[in-house]
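Asker: In my numbering, the protein residues as written are 942 to 1095. Ideal placement from N, C-alpha and C gives every residue a C-beta, glycine not left out. Since the structure is predicted, the reported quantities are computational estimates derived from the model, not experimental observations.
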């Protein structure tokens, strides 16, 4: 019985190890792609993700609220990222007293190029794996799990 009980545990350990190795490779690929990564802080990356995925224009106040920092801190962060041509601040068309934040067009192009490259790699991987499993369903489940875990952690 001991062999039957330890076998699933070993399988789970191997699964966890494989998952961590995949995440490590993805992080390395992103780090290699983003030359600015070593100079950026965690909040900088959170900010970029928030702005990139936003459905509506993001203001400085929105960003301060999202990051849970002061308006002064957001001003410094934005100014620093503007100098590096990562962010762009433009006056709102509705209220010119308010600035809207967006990613710099050069950064957006770089992100889109990375996405195109990743799509090619995923197609190659599906061919390599002989379509043994549904990658889309797998990724949807991983994302759903991550979102649920994030909600539970808050």
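Three or more C-beta pairs closer than 8 Å, one from the region 1023-1042 and one from the region 1070-1085: is that the case here?
Answerer: Segments in contact, no.
Asker: What are the boundary residues of the alpha helix (DSSP H) that includes residue 980?
Answerer: Start at 1 with the first residue of the chain shown, and residue 980 comes out as number 39. From DSSP, residue 980 is part of no alpha helix (DSSP H); its letter is neither H nor E.
Asker: Just how far apart, CA to CA, sit residue 1045 and residue 969?
Answerer: Within the chain shown, residue 1045 is the residue found at index 104, counting from 1. Within the chain shown, residue 969 is the residue found at index 28, counting from 1. Answer to the nearest angstrom: the Cα atoms are 23 Å apart.
Asker: Given a threshold of 16 other Cβ atoms within 10 Å of its Cβ, counted over all protein chains shown, does residue 985 qualify as buried or as exposed?
Answerer: For the purposes of this step, residue 985 is identified with residue 44 of the chain shown, where counting begins at 1. It is buried - the Cβ of residue 985 has at least 16 other Cβ atoms within 10 Å.
Asker: Quick one: measure Cβ to Cβ for residue 1019 and residue 1009, integer angstroms, because I've assumed they're closer than 8 Å.
Answerer: One-based indexing of the chain shown puts residue 1019 at position 78. One-based indexing of the chain shown puts residue 1009 at position 68. Residue 1019 to residue 1009, Cβ: 16 Å. No contact.
Asker: May I ask whether a heavy atom of the ligand PLP can be found less than 7 Å away from the beta carbon of residue 1025?
Answerer: This structure lacks the ligand PLP, and indeed carries no ligand of any kind.
Asker: Go through its chain and collect everything with a Cβ distance to residue 1000's Cβ below 8 Å, but skip five positions before and after it.
Answerer: If you number the chain shown from 1, residue 1000 lands on position 59. The residues are 1033, 1039, 1040, 1041, 1042.
Asker: How many angstroms separate the CA atom of residue 954 from the CA atom of residue 1005?
Answerer: As a position in the chain shown, residue 954 is number 13, starting the count at 1. As a position in the chain shown, residue 1005 is number 64, starting the count at 1. Cα to Cα, the separation comes out at about 40 Å.
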